[in-house]
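Here is the structure we will look at.
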Amino acid sequence: MNVMNKAPDPQRLKHWDVEMENLFENVPDNLPTEQFTDLLKGENIRIERIVSLGHTSPESGWYSQDENEWVLVLKGSGTILFENEGERVLNKGDYLNIPAHTKHKVTRTDPDSITIWLAVFY
Numbered sequence: 001m002n003v004m005n006k007a008p009d010p011q012r013l014k015h016w017d018v019e020m021e022n023l024f025e026n027v028p029d030n031l032p033t034e035q036f037t038d039l040l041k042g043e044n045i046r047i048e049r050i051v052s053l054g055h056t057s058p059e060s061g062w063y064s065q066d067e068n069e070w071v072l073v074l075k076g077s078g079t080i081l082f083e084n085e086g087e088r089v090l091n092k093g094d095y096l097n098i099p100a101h102t103k104h105k106v107t108r109t110d111p112d113s114i115t116i117w118l119a120v121f122y
């Protein structure tokens, strides 16, 4: 049986809040500060869309999160500096996994075009 062609069970769908959205919609034209939007939150996971336009991490210092972070650039580009490992330049389609408590910061995002990141914290 090909599961991909099987129609969803309507009874099962009644128990879900099924919502469809698009990661590339509702992106503001004017972006004075980075935009962080939680797309999904669970007990051990959080998925976040980040929209940047020439933004960098706050001057206050390094990120050092309690959870792992998997991050993907969907559009644009950005540079992440790691305290002990140097810089990583990410372009559209590039992703990396940042282990918990790894000190890092964003030192550059494209100043001329929106950068859209997808971050999964787990």
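Residue 1 is where the sequence shown starts when you use the UniProt record's numbering, and the numbers rise one by one after that.
Don't be surprised by glycine CBs; every beta carbon is placed ideally from N, CA and C.
- Cα atoms of Leu72 and Leu96: separation of roughly 7 Å, rounded to the nearest angstrom.
- The alpha-carbon of Leu23 is positioned some 7 Å away from that of Arg49.
- In the DSSP annotation of this structure, the continuous segment of the beta strand (DSSP E) that includes Ser52 starts and ends at 46-52.
- Judged by pairs of C-beta atoms under 8 Å, the segment 71-88 touches the segment 108-121, as three or more such pairs exist.
- For Asp110, the CB contacts under 6 Å within the same chain, skipping 5 residues up- and downstream, are Gly76, Ser77 in chain order.
- Gly93 and Thr33 have their C-alpha atoms roughly 23 Å apart.
- Looking from the CA of Val51, the closest CA among Asp17, Gly86, Met20, Leu39 belongs to Leu39.
- With a threshold of 16 other beta carbon atoms within 10 Å, Phe36 falls short and is exposed.
- Take the alpha-carbon of Lys105 and the one of His55: they are about 11 Å apart.
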